[in-house]
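Chains as they are written, first to last, in the numbering used here: chain A, 1 to 112; chain B, 1001 to 1834. Just so you know, even glycine gets a beta-carbon here, dropped at the ideal spot from N, CA and C. A quick note: this is a predicted structure, and the numbers were derived from the prediction, not measured. Some notes on the structure that comes next.
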Amino acid sequence: MIGEWLDIGWLEQIPVRGSRTVPVEGGEEIAVFRTADNKVFALANRCPHKKGPLSQGIVHGHSVSCPLHNWRIALATGEAQGEDKGCTPTIPVKVSGGRVLLCRASTLKAAA
Amino acid sequence: MDFYGHDNVEGEVAVDRVDGLPHLVVVGNGMAGCRAVEELLARDAGRYRVTIFGAEPHVNYNRIMLSPVLAGEKTFDEIVINDRAWYAENGIELVVGDPVVAIDRGSKRVTAQSGRSVSYDKLLIATGSDPFIIPVPGKDLPGVISFRDMKDVDAMLAAAAQGGDAVVIGGGLLGLEAAHGLTLRGMKVTVLHIMPTLMERQLDEAAGWLLKSALEARGQTILTGADTAEIFGNGHVEGIRLKDGREIPASLVVMAVGIRPSVALARACGLEIGRGIKVDDHMVTSDPDVLAVGECVEHDGNVYGLVAPLWEMCRSLADGLVGQHSGYRGSVTSTKLKVAGLDVFSAGDFSGSDGAEDIVLRDASRGVYKRVVVKDDRVVGAVLYGDTADGGWYFDLLKKGEDVSAIRDMLIFGQAYAFGGGQADPLEAVAALADDAEVCGCNGVSKGQVVACIEGGATTLDAVRGTCKASASCGSCTGLVEKLLTLTLGDGYAGERAVKTLCKCTSFGHDDVRREIVAQGMKSIPEVMQKLHWSTPDGCSSCRPALNYYLLCAWPGEYRDDQQSRFVNERLHANIQKDGTYSVVPRMWGGLTNPRELRAIADVVEKYNAPMVKVTGGQRLDIFGIRKEDLPAVWADLNAAGMVSGHAYAKALRTVKTCVGSEWCRFGTQDSTGLGVKLEKMSWGSWMPHKFKIAVSGCPRNCAEATIKDFGVICVDSGYELHVGGNGGIKVRATDLLCKVSTEPEAMEHCAAFIQLYREEARYLERTAPWIERVGLDYLKARIVDDDEGREALAARFHLSQSFSQDDPWAERAAGQDREQHAHMAHFMPLAAE
Ligand code: SRM
Ligand SMILES: Cc1cc2nc3c(=O)[nH]c(=O)nc-3n(C[C@H](O)[C@H](O)[C@H](O)COP(=O)(O)OP(=O)(O)OC[C@H]3O[C@@H](n4cnc5c(N)ncnc54)[C@H](O)[C@@H]3O)c2cc1C
Ligand code: SF4
Ligand code: FES
């Protein structure tokens, strides 16, 4: 049986105000973020500007600042904030029983 | 044995349906069970005959008041909700100290531990929750308890009577109330919390920090990020061991890490269970004759751990039982901490989701932090610390979903302000203040005094600060004083803000922040944000790295670096490249190298398939295209050849360029290479406001380009010319000559003093060139050249700081520290079929 959700590990494995990555075979790497208030978000690990690895940015509030040119991306929508325009795909994610779960279908879509 | 048809037992019980009324049996004599019965009685007292089973040997008491009982503020009798008389008056049969152990839905009977068995027409399960016990060795030792009922309180009081140490595991609501009570009862209490901030589910980082400081001030030890490995003791608990090896002695351990709905009984009789017993909007389970209410239920995917939702559930339940249809729709909850003198409130969603806007008010002198989250003109969440008077008002606005756009500007000041006298804007509110209203709490200056001082000619903020001292201390009233300037001077007041603020999260400039960090002894980022009234809950990518640096500089050896406040390069100790790979630059002291190092670099390039290796403009080699995951292995290989990080990524010392100097060069006057190596060994690893480069040239031909470096040395026959403030970057600036010295040790001391002055006084991301243009060469000369004692003190401070920072970050990573930063969390390989 293939479940709807992919279990990728414990919430504690993601640093607070930080992120971890999940490479997808044959597809795009996913960045999973944990904010100061312990919310979890998942985005393609790719800035809409020039593909900077968002997982390596500084996380503040519910945004991440891209490490390459400092665009600010909203974690919930993947949209660039302020003057900048562009959007990175988001992947539904949830925490259940302390485990972080990624939506399988969206993860696959990101891989395609 | 078959309980259900057992005749002997049956004979002992009051005969069912004695008065012809349907029989309602309640399992659980707690807050929800009894309230449900009260609600039912209020609607139709004659509808059911009621029997209540309770596992505890008590009448129904107010569980939430166990905390005040523990703290000694209340007695058990004072917290009883329904006394014996109430049960008798309402004809309720109460069976205490006898838990129900089985439910047979087929024959509609329940059986208790004693064997007592009764049949029901309607059954109500209200078994509450079970405390969660973390599965560590030693969890069953005597002296390890939870905090759920009166028995636990008795155990705590007995332990406290002996004095000694207590450990509370869990820094949530329950744990903190237990810790508070035990502290008041004379125990030395340590709270262990696995998360970085206390009560993280109800509070944000800022409020959590305030709470922690307040509890510490009351003598508790609070360890966050503390993961329990084991509870140990011989026959009785003696202490606790953390995963990091620390041991904490304890004669009492209270586990308050969470609760789980108590569903065992319901599960055993085949009711539908999710996280709790599944119920509909009238609290009916999957069996129409069985109801459930309280913490043991799951409604619409939610379970609750507070009483307010239970009251709402009980109303819908009773409505359903008497055939009225209301229906429970779920609850929004708010939280208050019941610790005397600490006011904490939170409600709703304060995670700042998309489109939500934070309004933050911080009043450091009163220890107040308020944050209201507004989305689409509606309050969606609130966190209050220190002053919770308006908690109820915000909660009300939240529940009603009221449009707050009209009072948006005044919202954060609370209900009295927002509606008081109907002021439409903050300026009017300030105008309406009485003349003797205190404006500046630190210096006790009233509004009248500030206005008089402005009228007396103090027409700028600085002038006001200088004359009547308002806003001259903590600065929290700056906004008020500025409004008074506007009100008093009208168009004559142009506004200030000549000082560029650190970022848009604060009204303070860099220098103010640095000064206050030292003056007020602030030791953490949340503390600075609170005391200096940050307008955002956790800052931004501009201020976090700056604050991290300022704290690091102010408290060497003491401040713990915040990795998440660092730019990726400084977090991963390598330079990020446009394709997301990294470059690695090992240190080559003074530009010197040897076969062993070169061989190690060559091996790394081959082993990790680095696509390019290049000689940098800083006299060393740069290996490109290394994957994040491979970095620790690359470093381990380079470490093995004796090389350490070149900090090519850091706001720190980068390179020390040298020329060959007197050793070989026919013009060389001094050993420029040797001095360069010494300077690099002295200065590497130090965090600075920006990157810092040094060069030493052996004669004025200046082959090492020392006159465009932050600190440059030009060797001459009679000694060393020391140059400062050069920059070869975006805007080329040649150095200024600071002074000339005659010996190497003097050159080194001047260099150390210069770096330290730069570290202490420049603004974050300000290189030495713009810094010198700002403060002037004369100032530097006065501090470093003319003031011998001052220079020595600066150099001493630099060396002290260096004693804590010269650890090779690569070696630490290669040895496994923070290894996770480099590894993926998981890999996903879609199946072929997908
Ligand atoms: C590798 C190197 C070029 C090379 O191949 O030679 C280099 C490469 C980079 N330089 Fe540089 N600079 C390098 C020597 C220089 C020099 C020459 C020197 O140090 O003698 C200068 C001019 C001297 C100076 O700094 O005053 C120089 C002036 C800059 C500047 C402009 C600084 C300024 O104050 O205006 C930047 C941008 C910045 O720092 O914000 C910069 C930034 C960078 C960054 C870090 C860009 C970035 O932020 O990603 C480049 C990435 C390095 C990497 O991935 O490894 N680099 N850069 C040199 C590394 C030296 C080393 O061994 O550490
Ligand atoms: C120390 C403390 C402080 C709290 N502070 C607050 C607060 O400030 N604000 C707030 O909103 N909430 C607070 N709570 C939570 C609040 O007390 C609970 O939400 C509430 O008591 C839940 O009511 P309940 O009836 O579902 O469960 P309970 O009140 O626990 O009642 C369940 C009862 O069922 C009994 N029982 C279980 N199984 C059986 C069985 N098989 N047979 C018979 N009886 C059984 C139990 O012994 C218990 O007496 C606090 C809780 C504690 C422990
Ligand atoms: S310029 Fe440089 S290389 Fe030439 S003599 Fe002077 S020190 Fe030596
Ligand atoms: S790639 Fe992210 S800001 Fe340029």
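Short of 8 Å in beta carbon distance, which residues of its chain neighbour residue i, apart from the five on each side in sequence? Order them along the chain.
{"i": "Leu1041(B)", "result": "Asn1090"}
{"i": "Arg1201(B)", "result": "Gly1172"}
{"i": "Glu1216(B)", "result": "Ile1222"}
{"i": "Gly1355(B)", "result": "Lys1375, Asp1376"}
Which value, in whole angstroms, describes the spacing of the CA atoms of residue i and residue j?
{"i": "Leu1653(B)", "j": "Val1732(B)", "result": "19 Å"}
{"i": "Thr1460(B)", "j": "Leu1485(B)", "result": "8 Å"}
{"i": "Val1849(B)", "j": "Leu1070(B)", "result": "Outside the modelled stretch of chain B, which goes from 1001 to 1834, sits residue 1849(B), for which no answer is possible."}
{"i": "Lys1628(B)", "j": "Arg1819(B)", "result": "11 Å"}
{"i": "Ile1407(B)", "j": "Val1374(B)", "result": "12 Å"}
{"i": "Cys1751(B)", "j": "Ser1697(B)", "result": "15 Å"}
{"i": "Gly1422(B)", "j": "Leu1176(B)", "result": "Only weak support is given to the placement of Gly1422(B): the predicted model assigns it a pLDDT of 43, under 50, and the value that follows is read from those uncertain coordinates. Rounded to whole angstroms, Gly1422(B) to Leu1176(B) spans 40 Å at the Cα level."}
{"i": "Ala1155(B)", "j": "Ser19(A)", "result": "43 Å"}
{"i": "Val1279(B)", "j": "Asp7(A)", "result": "28 Å"}
{"i": "Leu1291(B)", "j": "Leu1021(B)", "result": "18 Å"}
{"i": "Asp1104(B)", "j": "Gly1294(B)", "result": "21 Å"}
{"i": "Arg46(A)", "j": "Leu1551(B)", "result": "32 Å"}
{"i": "Val1379(B)", "j": "Ser1331(B)", "result": "16 Å"}
{"i": "Lys1531(B)", "j": "Phe1395(B)", "result": "26 Å"}
{"i": "Leu75(A)", "j": "Met1283(B)", "result": "37 Å"}
{"i": "Asp1287(B)", "j": "Val1153(B)", "result": "36 Å"}
{"i": "Ala1364(B)", "j": "His1799(B)", "result": "34 Å"}
{"i": "Asp1710(B)", "j": "Pro1537(B)", "result": "36 Å"}
{"i": "Ile1092(B)", "j": "Thr1285(B)", "result": "23 Å"}
{"i": "Cys1739(B)", "j": "Leu1722(B)", "result": "6 Å"}
Where DSSP assigns a beta bridge to residue i, which residues make up the other side?
{"i": "Val1100(B)", "result": "Ala1112(B)"}
{"i": "Gly1239(B)", "result": "Phe1232(B), Pro1249(B)"}
{"i": "Trp1311(B)", "result": "Trp1311(B) is not bridged to any residue."}
{"i": "Lys1370(B)", "result": "Leu1361(B), Leu1384(B)"}
{"i": "Pro1586(B)", "result": "Ser1645(B)"}
{"i": "Thr1051(B)", "result": "Val1025(B), Glu1093(B)"}
Might you give, ordered along the chain, the residues of its own chain that have their beta carbon closer than 6 Å to the beta carbon of residue i, omitting 5 neighbours on each side?
{"i": "Val1636(B)", "result": "Rather than Val, the amino acid found at residue 1636(B) in this sequence is Ala. For Ala1636(B), where only same-chain residues beyond five positions count, the Cβ hits under 6 Å are Ala1814."}
{"i": "Ala1554(B)", "result": "Ile1517, Val1518"}
{"i": "Asp84(A)", "result": "Trp71"}
{"i": "Gly1414(B)", "result": "Asp1390"}
Where does residue i land, buried or exposed, given buried means 16+ other C-beta within 10 angstroms?
{"i": "Tyr1328(B)", "result": "buried"}
{"i": "Lys109(A)", "result": "exposed"}
{"i": "His1193(B)", "result": "buried"}
{"i": "Asp1435(B)", "result": "exposed"}
{"i": "Ala1823(B)", "result": "exposed"}
{"i": "Gly1590(B)", "result": "buried"}
{"i": "Gly1816(B)", "result": "exposed"}
{"i": "Glu1455(B)", "result": "exposed"}
{"i": "Tyr1595(B)", "result": "In the sequence on display, residue 1595(B) carries Pro and not Tyr. It is exposed - the Cβ of Pro1595(B) has fewer than 16 other Cβ atoms within 10 Å."}
Which residues in the same chain have their Cβ closer than 7 Å to the Cβ of residue i, if we skip the five residues on either side of it in sequence?
{"i": "Arg1701(B)", "result": "Phe1667"}
{"i": "Gly1163(B)", "result": "Gly1186, Met1187"}
{"i": "Leu1502(B)", "result": "Phe1508, Gly1509, His1510, Val1513, Cys1543, Ala1546"}
{"i": "Leu1141(B)", "result": "Ile1231, Gly1233, His1236, Val1237"}
{"i": "Tyr1582(B)", "result": "Leu1572, Ala1574, Asn1575, Ile1576, Ile1626, Lys1628, Leu1631"}
{"i": "Ser1742(B)", "result": "Ser1718, Gly1719"}
{"i": "Ser1262(B)", "result": "Thr1127, Gly1128, Ser1129, Asp1130, Cys1296"}
{"i": "Gly1208(B)", "result": "Thr1197, Leu1198, Met1199, Glu1200"}
{"i": "Ser106(A)", "result": "Ile91, Pro92"}
{"i": "Arg1497(B)", "result": "A caution first: Arg1497(B) carries a pLDDT of 48, below 50, which makes its placement in the model too unreliable to give a value."}
(message) Across the stretch 1210 to 1224 of chain B and the stretch 1169 to 1189 of chain B, are there enough close Cβ pairs to call them in contact, namely three or more that are closer than 8 Å?
(response) Pairwise C-beta distances place the stretch 1210 to 1224 of chain B in contact with the stretch 1169 to 1189 of chain B, as three or more of them are shorter than 8 Å.
(message) For the structure I just gave you, are there three or more beta carbon pairs, one from the stretch 1671 to 1689 of chain B and one from the stretch 1627 to 1636 of chain B, closer than 8 Å?
(response) Touching, no, given that fewer than three Cβ pairs across the two stretches are closer than 8 Å.
(message) Under 8 Å: do the stretch 1255 to 1272 of chain B and the stretch 40 to 50 of chain A share three or more Cβ pairs, one atom per stretch?
(response) The stretch 1255 to 1272 of chain B vs the stretch 40 to 50 of chain A: no contact.
(request) Evaluate the contact criterion for the stretch 1334 to 1352 of chain B versus the stretch 1041 to 1057 of chain B: three or more CB pairs, one atom per stretch, below 8 Å. (result) As far as the Cβ criterion goes, the stretch 1334 to 1352 of chain B does not touch the stretch 1041 to 1057 of chain B, which means the pair count is below three.
(request) Tell me, please, whether the stretch 1555 to 1571 of chain B touches the stretch 14 to 21 of chain A by the rule of three or more beta-carbon pairs shorter than 8 Å. (result) As far as the Cβ criterion goes, the stretch 1555 to 1571 of chain B touches the stretch 14 to 21 of chain A, which means the pair count is three or higher.
(request) Could you tell me whether the stretch 1104 to 1121 of chain B touches the stretch 1136 to 1151 of chain B, using the rule of 3 or more Cβ pairs below 8 Å? (result) Contact fails: fewer than three Cβ-Cβ distances are below 8 Å.
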